[in-house]
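Here's the structure, in structure tokens; my notes come after.
Numbering (my numbering), first residue to last: 17 to 139.
See the structure below:
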């Protein structure tokens, strides 16, 4: 049986004013989760003025439970830095995983809001 190589995770980071945007492209799973966490953490350390971190997930093609764990760790690090996480352009695959695991509200609630985020595919 031939094993196909995993799809690489490509992260493009843009820092403007008080906002850090990370475009996420590819698969977020066991082999790539640390890459996302490390990238966001490194930029938070280097750019102390960041108040909002946006993960643009329009080109996220797959996510598993380890990828979800990476998102939760990113959320934890962003909050610890005094910033707010926004997950934009969520795919149906990502939304389904967040709903099934009960993490949708936690990861998408605005600061000061209840963990009951519904509606659109962006926060």
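Note that beta-carbon positions come from the ideal geometry of N, C-alpha and C, so glycine has one too.
If you're wondering where the values come from, they're calculated on a predicted model, not measured in any experiment.
- [ ] Quick one: residues in its chain with C-beta nearer than 7 angstroms to the C-beta of residue 57, no 5 flanking neighbours on either side, listed in chain order?
- [x] If the five residues before and after residue 57 are omitted, its C-beta is found closer than 7 angstroms to the C-beta atoms of 93, all from its own chain and listed in chain order.
Open item on the list: Can you look up residue 134 in the DSSP assignment and give me helix, strand or coil?
Closed with: Low local confidence applies: a pLDDT of 43 at residue 134 is under 50, so the model's placement there is unreliable, with the coordinate-based value given in what follows. Of the three classes helix, strand and coil, the one that applies to residue 134 here is coil, per DSSP.
TODO: Using the Cα positions of residue 63 and residue 35, report the straight-line distance between them to the nearest angstrom.
DONE: So the alpha carbons of these two residues sit roughly 9 angstroms apart.
- [ ] Work out the CA separation of residue 103 and residue 31 for me, nearest whole Å.
- [x] When rounded, the distance between both Cα atoms is 16 angstroms.
TODO: Check each candidate in 105, 65, 70, 47 and name the one with the smallest Cα separation from residue 29.
DONE: The shortest C-alpha separation from residue 29 is found at 70.
Open item on the list: Which residues does DSSP list as the beta-bridge partners of residue 31?
Closed with: DSSP lists 36 as the bridge partner or partners of residue 31.
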